[in-house]
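These protein sequences, in sequence, are chains A and B.
With the working numbering applied, the first sequence corresponds to residues -2 to 251, in that order.
With the working numbering applied, the second sequence corresponds to residues -2 to 251, in that order.
Ideal Cβ placement from N, Cα and C applies to all residues, glycine included.
2 protein chains.
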Amino acid sequence: MDIVIIGSGNVASVLGRKFKTGGHRILQVVSRNASAASKLAYEWDTESTNYISLINKNAEVYIIAVADDAIGDIASELAIPAKKIVAHTAAAVSKDILRKVSSHYGVFYPLQSLRKEMTLLPDIPIFFDGNDEKTTKTLEQLAHSIAREKVLRADDDSRLKLHVAAVIVSNFTNHLYSLAEEYCRKEGLDFKQLLPLIEETALRIKDISPQQAQTGPAIRHDKETLEKHLQLLKNYPQLKNIYLLLTESIQQNK
Amino acid sequence: MDIVIIGSGNVASVLGRKFKTGGHRILQVVSRNASAASKLAYEWDTESTNYISLINKNAEVYIIAVADDAIGDIASELAIPAKKIVAHTAAAVSKDILRKVSSHYGVFYPLQSLRKEMTLLPDIPIFFDGNDEKTTKTLEQLAHSIAREKVLRADDDSRLKLHVAAVIVSNFTNHLYSLAEEYCRKEGLDFKQLLPLIEETALRIKDISPQQAQTGPAIRHDKETLEKHLQLLKNYPQLKNIYLLLTESIQQNK
């Protein structure tokens, strides 16, 4: 397919790379960030502009990969020919925000944490949606071309729920890593020694459910160890609160 | 080295496998759980007993890999010849619990989440300690034979601190996976679709620090999305509390 990408951030960069790998043609990169746009255009052997009024009219699909709160602005300025397909990439924004842009609009949401710098692209499950059959079919086809089996239709409501789950397993988990790193640094320990444990914890739930995989002093109701740990956290009030709440939650969930 | 393993649970099973792979000889498995012990003995082509009084006296090293609160009992019953080295595998228990067992005692703590069922053994950083140079050197050598570079000496205090950090990055993280799985199940979503995101989140911190890697609505102070998420969690009070506390913590840590 011929695609125009609006945006030049993490999602735009990685989706564009996946589209190229999937055999598609990127006709143009549109972004207010001229230098980021031209960098991507160079990478993809295409052109770029920082004026949305100069958008290329010949694509089949227009992908809006910008920050959630910028989608509305883009939608109000975007003028594309009738019958073109337009989709944004946000989990937490309704597809209807694009209603006035085209009669064919939808969503193309990559459920993954994406960074520009990635060269080895990870698996990216795609959740798509469209306001009519043509849009839905086209976005599904596009999704399959870059994600094979991990492709599902998801309406606004499901996408928002998926996003909640994604925040829990990714943003919150990463914050725990961050707190542990800070704790290790302050206590003179080497955080890197925890990496094999972090990896094992994340990868084993491919084989067993996280409920089965739960271990540690909380689930064993090992009061002695819990007490020792809380004692060590007395100068880390924030971490101590998190320790207490998560310990309680593990014990209730048993 | 010739080793006797006391215990037949997750840690005993996996360490034993690592010892075998590292070229050591396991002279005996001692465990109250006779069937688990004989299963391991069969796997390692050795003998087993469920009477600690029948312990083989010819090993160089005795590894006590049992639950934290069982180490004291074992220590009081264990009779081995003078000059033998004895070590337990617990993070949160002082090495001094073994003071009366031998004049050479220490700790051999694997910082990893281990399960009996593992056949592909993960990287296992080993933290060792000994009451004297002979013990420390021997345990260090044993550690290097199964873990190569991920080997460090750690006293009681450091080991306990490492354990706190391990609980945070492994037990708590796994609990978040568990809560997200439950949420997905109740909301009719497929938790498996989150696995690539979980994997990416865990693996990328090999390359960038978790602080740099933090993304999501909390760190962006995206109030609109945070509000939508909290609305969706209104029937999940426990998860909602965790959401609020971790969001606050992310925003304070910025």
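Problem set entry | Euclidean distance between Cα positions of A/N232 and A/E184 | Rounded to whole angstroms, A/N232 to A/E184 spans 11 Å at the Cα level.
Exercise. Hey, would you say B/G256 sits closer than 8 Å to B/V63, going by beta carbons?
Worked result: Nothing about residue 256 of chain B can be reported from this structure: the residues present for chain B run from -2 to 251 only.
Exercise. Given a limit of 7 Å on CB to CB distance, which residues of the stretch 170 to 196 of chain A reach chain B?
Worked result: Along the stretch 170 to 196 of chain A, going in chain order, the ones with a CB nearer than 7 Å to a CB of chain B are T170, N171, H172, L173, Y174, S175, L176, A177, E178, Y180, C181, E184, L186, Q190, L191, L192, P193, L194, I195 and E196.
Exercise. Over what stretch of residues does the alpha helix (DSSP H) that includes A/T198 continue unbroken?
Worked result: For A/T198, the enclosing alpha helix (DSSP H) starts and ends at L192 to L200.
Problem set entry | Cβ neighbours of A/F188 in the same chain (closer than 6 Å, five flanking residues each side left out) | If we look at A/F188 and ignore the five residues flanking it on each side, its Cβ neighbours are E178 and C181.
Exercise. By how many angstroms is the C-alpha of B/L157 removed from the C-alpha of A/E245?
Worked result: In a straight line, the C-alpha of A/E245 is about 21 Å away from that of B/L157.
Exercise. Hey, does A/L117 have any beta-carbon neighbour from chain B nearer than 8 Å?
Worked result: Chain B contact via Cβ: absent.
Exercise. Can you tell me the Cα-Cα spacing of B/N223 and B/L37, whole angstroms?
Worked result: A quick correction: the sequence has Leu, not Asn, at residue 223 of chain B. Cα-Cα distance, rounded: 51 Å.
Exercise. Where does B/L312 sit, in a helix, a strand or coil, going by DSSP?
Worked result: The structure shown does not extend to residue 312 of chain B, since chain B is modelled only from -2 to 251, so the question has no answer here.
Exercise. With 8 Å set as the bound, which would you pick, yes or no: does the beta-carbon of A/H218 sit closer than that to a beta-carbon of chain B?
Worked result: So, not an interface residue.
Exercise. Going along the chain, which residues of its own chain have a beta-carbon closer than 6 Å to the beta-carbon of B/A33, five neighbours each way excluded?
Worked result: Once the five neighbours on either side are set aside, the close Cβ partners of B/A33 are S5.
For this session: Buried or exposed for B/P207, please, with buried defined as at least 16 other CB atoms from any protein chain shown within 10 angstroms of its CB.
Result: Taking a 10 Å sphere around the C-beta of B/P207, we find 16 or more other C-beta atoms and assign the residue as buried.
Problem set entry | Closest by C-alpha distance to A/I77, when choosing among A/R96, A/K92 and A/A89 | Checking every option, the nearest Cα to that of A/I77 belongs to A/R96.
For this session: Select from the stretch 49 to 74 of chain B all residues with a C-beta closer than 7 Å to any C-beta belonging to chain A, and list them in chain order.
Result: Taking 7 Å as the Cβ-Cβ cut-off against chain A, the residues of the stretch 49 to 74 of chain B that qualify are D65.
Exercise. Looking at C-alpha atoms only, which residue of A/D154, A/D204, A/E197 and A/H172 is the closest neighbour of B/L186?
Worked result: If you compare the alpha carbons of A/D154, A/D204, A/E197 and A/H172 with that of B/L186, the shortest gap goes to A/D154.
For this session: Check whether the Cβ atoms of A/T212 and B/L173 lie closer than 8 Å to each other.
Result: Not in contact: A/T212 and B/L173 (Cβ atoms no closer than 8 Å).
Exercise. Of all the CB atoms in chain A, is at least one closer than 8 Å to the CB of B/H226?
Worked result: Closer than 8 Å to some Cβ of chain A, the Cβ of B/H226 qualifies, so yes.
Exercise. Quick one, which of A/S50, A/A162, A/Q228 and A/L236 has its alpha-carbon nearest A/L108's?
Worked result: For the set A/S50, A/A162, A/Q228 and A/L236, the Cα lying nearest the Cα of A/L108 is the one of A/A162.
Exercise. Going along chain A in order, which residues have a C-beta closer than 8 Å to the C-beta of B/Q109?
Worked result: The answer, in chain order, is P193, L194 and E197.
For this session: Compare the Cα-Cα distances from A/I121 to each of B/I123, B/E130, B/G69 and B/Q190 and report the closest residue.
Result: Nearest option by C-alpha distance: B/Q190.
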